[in-house]
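Asker:
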Amino acid sequence: MSKNILVTGSSGLIGGIILKHNSNNNLFGLDVAPSLYPNHEISDISNSKKLENIFLKNNIEVVVHLAGKTSVNGTWNELIGNNFDGTANIFEASKNSGVDKVIFASSNHAVGLFENDNPYKHIISGNYEDVKAYDLIKSNCELRPDSLYGVSKAFGENIGRYYYETFGLKSACLRIGSVRPVDTPIEGNFNRFFSTWCSHKDISGLIEACINSEKIGFNIFYGVSDNKWKIWDISDQQELLNFHPESNAEIFRKQNN
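Each number in this note's numbering corresponds to the 1-based position in the sequence shown with 3 added.
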């Protein structure tokens, strides 16, 4: 059965990917810039009451919250409006308007400091000869943000937990890896993407699986393809979402050699 889904930040990269790969849901876009969504609201996320009215008017059942400052080098002043206040407004408006579920675009940068530790440091640097068997980083690991941007995403995860445990608003927080405009992990000599890359098909599939799953309460998932050298654990997605990513960055490495 189709659902009414509102996507904030709909004019961005992942917003466009969702639209392209949408199966049968009724999509509504919300952004300060126009998008290709058939139903689109020009709005920021600075006013929770305005958002609440938009959600009610369109009978929104699920909010996919992508809007926000995306620079890992963002300053506090650049991040506080959208990534902190705006995210809080999304959850408050969702609670007040009867939204069933929020899918929050968190980031791998909420746990990015794990990459300072071996073997993960070796892996993202492409020094695979120094890597023995290793444990994948689980979704219930401690938060280790690597930047103020990462802090803002950790905040979003925590406010999602608060709204679920206090008000029953379901949420899935996606620690998204590297989704590229050109759907490939090949970019210069940047070895990290062979670990962190997430294909367009896999990120859209993960989001749709979160929309459709009846097992979501408060959950955290990694948005990454099934790469040979991934460092994040995706094993819980099959059980909770009936989803497993299909892409593998290693195929592109072989093609590029």
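Just so you know, even glycine gets a beta-carbon here, dropped at the ideal spot from N, CA and C.
If you measure between the beta carbons of Ser142 and Ile223, is that distance less than 8 Å?
Answerer: Residue mapping note: residue 142 aligns to position 139 of the sequence shown, counting from 1. Residue mapping note: residue 223 aligns to position 220 of the sequence shown, counting from 1. Going by C-beta atoms, Ser142 is nearer than 8 Å to Ile223.
Asker: Sort Ile254, Ser97, Gly226, Leu33 by Cα distance to Pro248 and report the nearest one.
Answerer: Along the sequence shown, read from residue 1 onward, the residue named residue 248 stands at position 245. Here the closest residue by C-alpha is Gly226.
Asker: How is Asp34 classed by DSSP in three states: helix, strand or coil?
Answerer: As a working mapping, residue 34 is identified with position 31 in the sequence shown. Asp34: strand per DSSP, three-state reduction.
Asker: Could you give the uninterrupted runs of the alpha helix (DSSP H) lying entirely in the segment 88-174, keeping only those of 4 residues or more?
Answerer: List check, alpha helix (DSSP H) in window: 90-100, 123-128, 151-170.
Asker: May I ask you to verify whether the segment 92-112 touches the segment 174-183, counting CB pairs closer than 8 Å and requiring at least 3?
Answerer: In short, these stretches touch, since the Cβ pair count reaches three.
Asker: Assuming Ser207 and Ser228 make a contact with CB atoms under 8 Å, what is their CB distance in whole Å?
Answerer: Start at 1 with the first residue of the sequence shown, and residue 207 comes out as number 204. Start at 1 with the first residue of the sequence shown, and residue 228 comes out as number 225. The Cβ separation is near 12 Å, so there is no contact.
Asker: Would you list the residues sitting across from Arg178 in a DSSP beta bridge?
Answerer: The residue given as residue 178 occupies position 175 in the sequence shown. DSSP, once it has assigned bridges, lists Ser109, Tyr225 as partnering Arg178.
Asker: Per DSSP, which residues does Glu44 bridge with? Please list them.
Answerer: On the sequence shown, residue 44 is found 41 positions in, with the first residue counted as 1. Bridge partners of Glu44: Leu33.
Asker: Give the straight-line distance between the Cα atoms of Trp235 and Leu59, rounded to the nearest whole angstrom.
Answerer: One-based indexing of the sequence shown puts residue 235 at position 232. One-based indexing of the sequence shown puts residue 59 at position 56. Answer to the nearest angstrom: the Cα atoms are 37 Å apart.
Asker: Counting along the chain, where does the beta strand (DSSP E) carrying Leu39 start and finish?
Answerer: Reading the sequence shown from its first residue, position 36 is the one you call residue 39. Note, Leu39: premise wrong, no beta strand (DSSP E); not H, not E.
Asker: Just to confirm my understanding: we take Ile127, look at its own chain, exclude 5 residues before and 5 after, and list those with CB closer than 6 Å. What are they?
Answerer: Stepping through the sequence shown from its first residue, residue 127 is reached at position 124. The answer, listed in chain order, is Glu118, Arg195, Ser198.
Asker: As a quick exercise: from Lys231, Ile219, Lys124, Ser13, pick the residue whose alpha carbon is nearest that of Leu244.
Answerer: In the sequence shown, residue 244 corresponds to position 241, counting from 1. The option with the nearest alpha carbon to Leu244 is Ile219.
Asker: Is it a yes or a no for the segment 82-101 touching the segment 32-40, going by three-plus beta-carbon pairs under 8 Å?
Answerer: Judged by Cβ distances under 8 Å, the segment 82-101 makes no contact with the segment 32-40, as fewer than three pairs qualify.
Asker: For Thr73, which beta-bridge partners are listed by DSSP?
Answerer: Residue 73 sits at position 70 when you count from the first residue of the sequence shown. Thr73 pairs with nothing; no bridge assigned.
Asker: Report all residues from its chain with a CB closer than 7 Å to the CB of Val134; omit the five preceding and five following residues, and keep chain order.
Answerer: Residue 134 sits at position 131 when you count from the first residue of the sequence shown. Answer for Val134: Pro122, His125, Ile126, listed in chain order.
Asker: Just how far apart, CA to CA, sit Leu33 and Val182?
Answerer: Against the sequence shown, residue 33 aligns to sequence position 30. Against the sequence shown, residue 182 aligns to sequence position 179. Using only the alpha carbons, I get a separation of about 21 Å.
Asker: In whole angstroms, give me the CA-to-CA distance for Ser51 and Ala96.
Answerer: Taking the sequence shown and counting its residues from 1, the one referred to as residue 51 is at position 48. Taking the sequence shown and counting its residues from 1, the one referred to as residue 96 is at position 93. Their Cα atoms are separated by approximately 5 Å.
Asker: Taking the CB atoms as reference points, tell me whether Glu2 and Lys233 lie closer together than 8 Å.
Answerer: With the chain covering only 4 through 260, there is no way to say anything about residue 2.
Asker: Determine whether the beta carbon atoms of Val102 and Ile8 lie at a separation below 8 Å.
Answerer: Locating residue 102 in the sequence shown gives position 99, where the first residue counts as 1. Locating residue 8 in the sequence shown gives position 5, where the first residue counts as 1. No, Cβ-Cβ distance for Val102 and Ile8 is not below 8 Å.
Asker: What are the boundary residues of the alpha helix (DSSP H) that includes Thr199?
Answerer: Numbered from its first residue, the sequence shown carries residue 199 at position 196. Run containing Thr199: 196-199, per the alpha helix (DSSP H) assignment.
Asker: Arg147: which of Glu132, Phe170, Ser155, Leu116 sits nearest, CA to CA?
Answerer: Position 144 of the sequence shown, counted from the start, is the residue given in the question as residue 147. The option with the nearest alpha carbon to Arg147 is Leu116.
Asker: Can you tell me which of Ile63, Gly89, Ser150 puts its alpha carbon nearest to the alpha carbon of Ser74?
Answerer: Your numbering for residue 74 matches position 71 in the sequence shown. Among Ile63, Gly89, Ser150, the Cα nearest to that of Ser74 is on Ser150.
Asker: Look up Ile210 in the DSSP assignment and say whether it is helix, strand or coil.
Answerer: To locate residue 210, count along the sequence shown from 1; it is residue 207. Ile210 falls in the helix class under three-state DSSP.
Asker: Have a look at Cys201 and Glu190 and give me their C-alpha separation to the nearest angstrom.
Answerer: Along the sequence shown, one-based indexing puts residue 201 at 198. Along the sequence shown, one-based indexing puts residue 190 at 187. Cα to Cα, Cys201 sits roughly 14 Å from Glu190.
Asker: Buried or exposed, going by whether 16 or more other CB atoms sit within 10 Å of the CB of Ile45?
Answerer: Start at 1 with the first residue of the sequence shown, and residue 45 comes out as number 42. The residue in question, Ile45, is exposed, as its Cβ has fewer than 16 Cβ neighbours within 10 Å.
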